[in-house]
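Encoded as structure tokens, the structure appears first; notes follow it.
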Amino acid sequence: MDIFNQVRTLKNFINNCRKTNISVGFVPTMGALHDGHLTLIKNSIKENEVTICSIFVNPTQFNNAIDLKHYPIQHEKDFKLLEEAGCSAVFLPNVEEMYPNGVSQDSMLGFNFGSLETRLEGAFRPGHFNGVGIVVSKLFHMVQPDKAYFGLKDLQQYLIIKKMVKDLSFQIDIIGVPTVREETGLAMSSRNLRLKAEELEVAPYIYQTITKMKDMLKDNQAPKEVLEWGISTIHKNHSFHLEYLEIVSTDTLEKVDDYQLPEGYAIVIAAHLGKVRLIDNILVE
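Take this note's numbering: the last position of the sequence shown gets the number 285, and nothing is skipped along the way.
In structure tokens:
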């Protein structure tokens, strides 16, 4: 497995792949890899001759400096996991390589994803999706993959990247991969590493709640009543500080009608458990 720190050497590798028309799959990450990331890698390996994983903790998508400071870094462990999974190459740039002109808002272009970025995550993390759009578009230009793989746990991010690819005419297939969970139901996340032992025991409560909400909706209970039950249930567990819990259209993330569900919808949630912010969702097609 090759490891590249510079765009120049990465592009030399990719150009050699292109000489023989080898298909390239790409998995962008911020490291601290878990089975969710490795599932993306394995999907790419099945569908492409070369798989590239990037590891870069992107400062422009953090609106909380403490969260950025404490984001887990474990490169050697990540390399071992990627090599064992069969990944072809890793791109591990530093901030200066990715942002040679600096990371201030005045030094780079901005993205506007319209209403898709102003609700849910965007409402609580202003500027987050602009940072995601900047770094992913940079990585797409550097890697020029045929396919790129993203976990559906970050549903809003997946939809925003699909919009960006369409609007900017990237010739890349964006593949969404279902959420990978612990045996307890907790959605796998690099941030789970920051949960204390007692918090890990409580954390699955989120998934249990939204799963029950899905079952209630399947039993034709009104979305308004199901949502009220879900919010009340989370509030009863004082370990959590709820940011949002919504039932939304899968494509637009708009709130569903109080009494009628669209063909495809998602139950989405964000809540703080101790010092860790957890997100999760259930998609229903």
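Glycine is no exception: its CB is placed at the ideal position from the N, C-alpha and C atoms.
Check                                                                                                                                                           : Outcome
Taking the CB atoms as reference points, tell me whether N48 and K147 lie closer together than 8 Å.                                                             : yes
In this structure, how does DSSP classify G131 when only helix, strand and coil are distinguished?                                                              : helix
Taking only the alpha-carbon atoms, compute the straight-line gap between K19 and L139 and give it to the nearest angstrom.                                     : 20 Å
Compute the beta-carbon to beta-carbon distance between I269 and V256, rounded to the nearest angstrom, for a pair I have assumed lies under 8 Å.               : About 15 Å separates the two Cβ atoms, so there is no contact after all.
Hey, quick one: how far does the beta strand (DSSP E) through I160 stretch, first residue to last?                                                              : Counting along the chain, I160 falls outside any beta strand (DSSP E), though it belongs to the alpha helix (DSSP H) covering 155-167.
Along the chain, where does the alpha helix (DSSP H) containing G36 start, and where does it finish?                                                            : 35-47
Less than 8 Å between the CB atoms is what I'm expecting for F4 and V143, so what's the real figure, rounded?                                                   : Not quite, the Cβ-Cβ distance comes to about 10 Å (not below 8 Å), so this is no contact.
Excluding the 5 residues flanking L120 on each side, which residues of the same chain have their C-beta closer than 8 Å to its C-beta?                          : Q156, Y244, E246, V248, L253, V268, A270
So, using beta-carbon positions, are M164 and H34 closer together than 8 Å?                                                                                     : no
Count the other CB atoms, across all protein chains shown, that sit within 10 Å of the CB of Y259; report buried if there are 16 or more and exposed otherwise. : exposed
Could you spell out the range, first to last residue, of the alpha helix (DSSP H) harbouring H70?                                                               : First-last for H70: undefined, no H or E at that position.
Cα-Cα, which of G176, P178, G133, L195 is closest to D167?                                                                                                      : G133
Between which residues of its own chain and N130 is the CB-CB distance below 7 Å, once the five residues before and five after are set aside?                   : G110, F111
At what residue ranges does the stretch 74-150 contain a whole run of the beta strand (DSSP E), taking only runs of 3 or more?                                  : 89-91
Return the first residue and the last residue of the beta strand (DSSP E) that S249 is part of.                                                                 : 240-249
Just the Cα atoms here: how many angstroms apart are H241 and L261?                                                                                             : 27 Å
When you compare each of V136, F113, P72 to Y99 by their alpha carbons, which one comes out closest?                                                            : V136
Can you tell which of G185, T29, L227 has the C-alpha that lies nearest to the C-alpha of L92?                                                                  : T29
Taking the CB atoms as reference points, tell me whether V57 and G36 lie closer together than 8 Å.                                                              : no
Do T184 and T209 have their beta-carbon atoms positioned less than 8 Å apart in this structure?                                                                 : no
With distances taken between CB atoms, is the gap from T179 to G151 smaller than 8 Å?                                                                           : yes
Pop quiz: I66 and V24 are said to be a contact at Cβ under 8 Å. What is the actual Cβ separation, rounded to whole angstroms?                                   : The pair is not a contact, with the Cβ atoms about 36 Å apart (cut-off 8 Å).
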